[in-house]
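Working notes, beginning with the structure itself.
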Amino acid sequence: MDNKDLKVSMMGMVSMQLAQVRRIPFHTLTTLFLLAVAQPLWHGYQFGVSDHSIQFSIMNRIMDPTLYPGDPMLDTAKGYVSFFPRLMTILIKIIKNIESLYFSLHILSYFFYFAILYYISKLLFDETSAILCVILMSTKKIVLGGSSIHFTGLYPSFLTLPFVLMAIYLFLKEKHAIAYTIIGVSLNFHTLVAGHAVCMLLCYSLFSVVSKKIHFGQLAKYVGTLVLFASPTIIWIFSTHGEMTDEWIRLLRVRSSHHSFPLSWSSAHYVNYLLFLATGALSFIYIPRLESHRKMLAFVLAIGGLCVIGLIFSEYYPVKSVLRGQLFRSTNFLTIFCVIYISNYLYHCWQKSVLHKVTTAIIFISLFLPSNFNLLVLGLILAVIAENLVRNNNRSYKQPNDEMGKESPSSYSSRLLWISIFALVAILIRSLSPHDSFPASLSLNSIISLIQTFFEDRLLVYTICAAITIGLFTNLMNLVHKLSALAITVLLVIIYIVPSAYRGFHSEDRDSQGWRGVQTWARKNTRKADLFLTPPYMTGFRIFSQRPIVGEWKDGTQQYFDAEYSYEWWRRMRDMRLDSSGERNFDKLGKTEYQKLAEKYGASYLVLSSKISLGLSKIYDNNQYSVYQLGDSQK
Numbered sequence: 071m072d073n074k075d076l077k078v079s080m081m082g083m084v085s086m087q088l089a090q091v092r093r094i095p096f097h098t099l100t101t102l103f104l105l106a107v108a109q110p111l112w113h114g115y116q117f118g119v120s121d122h123s124i125q126f127s128i129m130n131r132i133m134d135p136t137l138y139p140g141d142p143m144l145d146t147a148k149g150y151v152s153f154f155p156r157l158m159t160i161l162i163k164i165i166k167n168i169e170s171l172y173f174s175l176h177i178l179s180y181f182f183y184f185a186i187l188y189y190i191s192k193l194l195f196d197e198t199s200a201i202l203c204v205i206l207m208s209t210k211k212i213v214l215g216g217s218s219i220h221f222t223g224l225y226p227s228f229l230t231l232p233f234v235l236m237a238i239y240l241f242l243k244e245k246h247a248i249a250y251t252i253i254g255v256s257l258n259f260h261t262l263v264a265g266h267a268v269c270m271l272l273c274y275s276l277f278s279v280v281s282k283k284i285h286f287g288q289l290a291k292y293v294g295t296l297v298l299f300a301s302p303t304i305i306w307i308f309s310t311h312g313e314m315t316d317e318w319i320r321l322l323r324v325r326s327s328h329h330s331f332p333l334s335w336s337s338a339h340y341v342n343y344l345l346f347l348a349t350g351a352l353s354f355i356y357i358p359r360l361e362s363h364r365k366m367l368a369f370v371l372a373i374g375g376l377c378v379i380g381l382i383f384s385e386y387y388p389v390k391s392v393l394r395g396q397l398f399r400s401t402n403f404l405t406i407f408c409v410i411y412i413s414n415y416l417y418h419c420w421q422k423s424v425l426h427k428v429t430t431a432i433i434f435i436s437l438f439l440p441s442n443f444n445l446l447v448l449g450l451i452l453a454v455i456a457e458n459l460v461r462n463n464n465r466s467y468k469q470p471n472d473e474m475g476k477e478s479p480s481s482y483s484s485r486l487l488w489i490s491i492f493a494l495v496a497i498l499i500r501s502l503s504p505h506d507s508f509p510a511s512l513s514l515n516s517i518i519s520l521i522q523t524f525f526e527d528r529l530l531v532y533t534i535c536a537a538i539t540i541g542l543f544t545n546l547m548n549l550v551h552k553l554s555a556l557a558i559t560v561l562l563v564i565i566y567i568v569p570s571a572y573r574g575f576h577s578e579d580r581d582s583q584g585w586r587g588v589q590t591w592a593r594k595n596t597r598k599a600d601l602f603l604t605p606p607y608m609t610g611f612r613i614f615s616q617r618p619i620v621g622e623w624k625d626g627t628q629q630y631f632d633a634e635y636s637y638e639w640w641r642r643m644r645d646m647r648l649d650s651s652g653e654r655n656f657d658k659l660g661k662t663e664y665q666k667l668a669e670k671y672g673a674s675y676l677v678l679s680s681k682i683s684l685g686l687s688k689i690y691d692n693n694q695y696s697v698y699q700l701g702d703s704q705k
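Numbering (the working numbering), first residue to last: 71 to 705.
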């Protein structure tokens, strides 16, 4: 896939995103945009950390092949199966300012993410449930597989997610061919996110073939379309090599057990996720017509199947493709689906008895405020009691006219019984397993903290005021006034709030301070070939320094893409006294040990915290990090 193909693929997908977004009411669209802008202000934003340490190094090498000579981590780029770095290098050459590009794409990714969530929820339920879903998904949610749905920076997984969700939305609308096309293109940018979605779509399609809803020939066409658009990545995957050895599996456990080895995870985390799933199951109490949700049930079944495969073929009979596939990360989608259904449940539950309202409030607080998640078990118990023991027929949930009478009372009672049993079993499992304790006392600290976050940040205050203004003008003014107010609000956000937020996360002295400051000095004062010995527990030194390093813990991620590299990476980590315990023994090595490491790997410079006294003269210091010259080098 060359640069022209990348541009065409992304332009096509973005055009489809925009086409879908245009159908949302303008005031709702503006509110979703404000919520997207609020995400970095609310949850924070970072640039040049974590996975950026790998991605930016690859991008720098693409733009300048002379960078990082002798750095074995960069040799793993041939197995880094993603066209994301190439796409970003194209955009960087166009935009020039990489930091503003990343910040803008971060906000736009959130905007499209919220917009597609709104669409899916509205398609399955109604607008009120859709709005509630977006609100609930604006905070961190529990998932398995060491993954996350929310990020404090731009990463390929989250950039790809809105496109994959759009494919799911189109699939729900029976537009299967275009859904498979979008998934195929998405596979070229993040194989895990798109690959897990492929399994979900194929699961329902196979059921449709078995039930004779579609012909096998149609499925073959869909799969052919998928393979065609994903062919660059599929070919790339099959061209990568590396034997799966017992040592590779052991090192994968050392570095990435949180992604690939489910039996190494905390039982309390499983218990929490089971409670979350039980809450999601409760939502089916208010869905008498299950036929319209069969696709979602097939998706859930596919995710469950992936998790079973992931358990068996990682812990008991390890298979390389399964270990690399990190199948439990598919629960990202399960979490999203659960929140969509829980939102509908909360909306209709609120319309019933006082006990239902209390239940709704507790479940909402436990899911919206992650620090209060342990309250969910109480909400679950109250929900079972409310649905089975409290009857309020005058205000019960009513289905639309076209769905009335579709389900008999006995069928509904049977479903309610089984859902309640599942919820009770989840509660019993919690009591019998190690779990996070229920709060010993209840306080308003988390709520007060949330309010403080919003009202002590002037940009968040402006964003809230903008959202309120939209609501006022939407309800009170005619169309001309409404559109004018919305347009002015959007312009103020784009012209003032977003640039102010950007400046807040990108201080003017960032190139001279802290970890980034020492990288900037290295880029300006050393040769491209000069190797740096840096603390292995730190990440991203290569990004702004554009210099090779001995290694860092984060580099171990690349063992998924290059099995041979894992052995060299582990040798370097042991030499620098770093293991999975995270203890910073590297800082305690002493002058002689540092010099031996420098001689062994050919390092010219050593970077340490300024708090460490080494007995060598410093050639650079910014009060946080110091640089020492250990080998022969010249500018």
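Idealized CB from N, CA, C, for every residue including glycine.
Extent of the continuous beta strand (DSSP E) to which residue i belongs
| i | result |
| --- | --- |
| residue 699 | 695-699 |
| residue 145 | Not the beta strand (DSSP E): residue 145 falls in the alpha helix (DSSP H), residues 142-145. |
Neighbourhood of residue i by C-beta, 8 angstroms cutoff - its chain only, sequence neighbours within 5 removed
| i | result |
| --- | --- |
| residue 162 | 129, 133, 168, 171 |
| residue 674 | 596, 600, 601, 602, 668, 699, 700, 701, 702, 703 |
| residue 566 | 532 |
| residue 475 | Only weak support exists for where residue 475 lies, its pLDDT of 44 falling under 50; the coordinates are left without a value. |
| residue 629 | 318, 321, 322, 325, 326, 635, 636, 639 |
| residue 449 | 349, 429, 432, 433, 436 |
Beta-carbon spacing of residue i, residue j below 8 angstroms
| i | j | result |
| --- | --- | --- |
| residue 439 | residue 319 | no |
| residue 247 | residue 257 | no |
| residue 105 | residue 184 | yes |
| residue 620 | residue 601 | yes |
| residue 605 | residue 678 | yes |
| residue 230 | residue 632 | no |
| residue 709 | residue 405 | The chain is shown from 71 up to 705; residue 709 falls before or after that span and cannot be answered. |
| residue 538 | residue 100 | no |
| residue 49 | residue 591 | With the chain represented from 71 up to 705, any question about residue 49 goes unanswered, as that position is not in the structure. |
| residue 627 | residue 119 | no |
| residue 296 | residue 254 | yes |
| residue 556 | residue 96 | yes |
| residue 306 | residue 151 | yes |
| residue 695 | residue 585 | yes |
| residue 332 | residue 375 | no |
| residue 589 | residue 692 | no |
| residue 252 | residue 190 | no |
| residue 434 | residue 452 | no |
| residue 612 | residue 281 | no |
| residue 399 | residue 285 | no |
| residue 274 | residue 365 | yes |
Per-residue burial, residue i [other beta carbons within 10 Å of its own, 16 or more giving buried]
| i | result |
| --- | --- |
| residue 186 | buried |
| residue 330 | buried |
| residue 706 | Outside the modelled stretch of the chain, which goes from 71 to 705, sits residue 706, for which no answer is possible. |
| residue 515 | exposed |
| residue 525 | exposed |
| residue 465 | Because the pLDDT at residue 465 is just 41, under 50, the model does not fix this residue reliably, and the value given afterwards should be weighed accordingly. Residue 465 is exposed by the Cβ-count criterion. |
| residue 497 | buried |
| residue 298 | exposed |
| residue 508 | exposed |
| residue 682 | exposed |
Contacts around residue i, its chain only, beta-carbon distance under 6 angstroms, and the 5 residues preceding and following it disregarded
| i | result |
| --- | --- |
| residue 506 | 338, 444 |
| residue 188 | 200, 204 |
| residue 165 | 171 |
| residue 580 | 586 |
Alpha helix (DSSP H) segment containing residue i, residue limits
| i | result |
| --- | --- |
| residue 503 | It is not in any alpha helix (DSSP H) - residue 503 carries neither H nor E in the DSSP assignment. |
| residue 340 | 337-352 |
| residue 334 | Unbroken run through residue 334: none, as it is neither H nor E. |
| residue 98 | 96-113 |
| residue 657 | Element bounds for residue 657: n/a, residue is neither H nor E. |
| residue 516 | 515-525 |
| residue 232 | 226-242 |
| residue 645 | 633-645 |
| residue 374 | 364-381 |
Cβ-based neighbour list, residue i, same chain, cut-off 7 angstroms, excluding 5 preceding and 5 following
| i | result |
| --- | --- |
| residue 494 | 454 |
| residue 402 | 213, 217, 219 |
| residue 470 | Confidence in residue 470 is poor, its pLDDT being 43 and thus under 50, which makes the residue's placement too unreliable to answer from. |
Cross-strand partners of residue i (DSSP beta bridge)
| i | result |
| --- | --- |
| residue 688 | 698 |
| residue 603 | 676 |
| residue 619 | 602 |
Residue i at chain C interface by Cβ criterion, 8 angstroms
| i | result |
| --- | --- |
| residue 439 | Going by chain labels, chain C is absent from the structure shown, which holds only one protein chain. |
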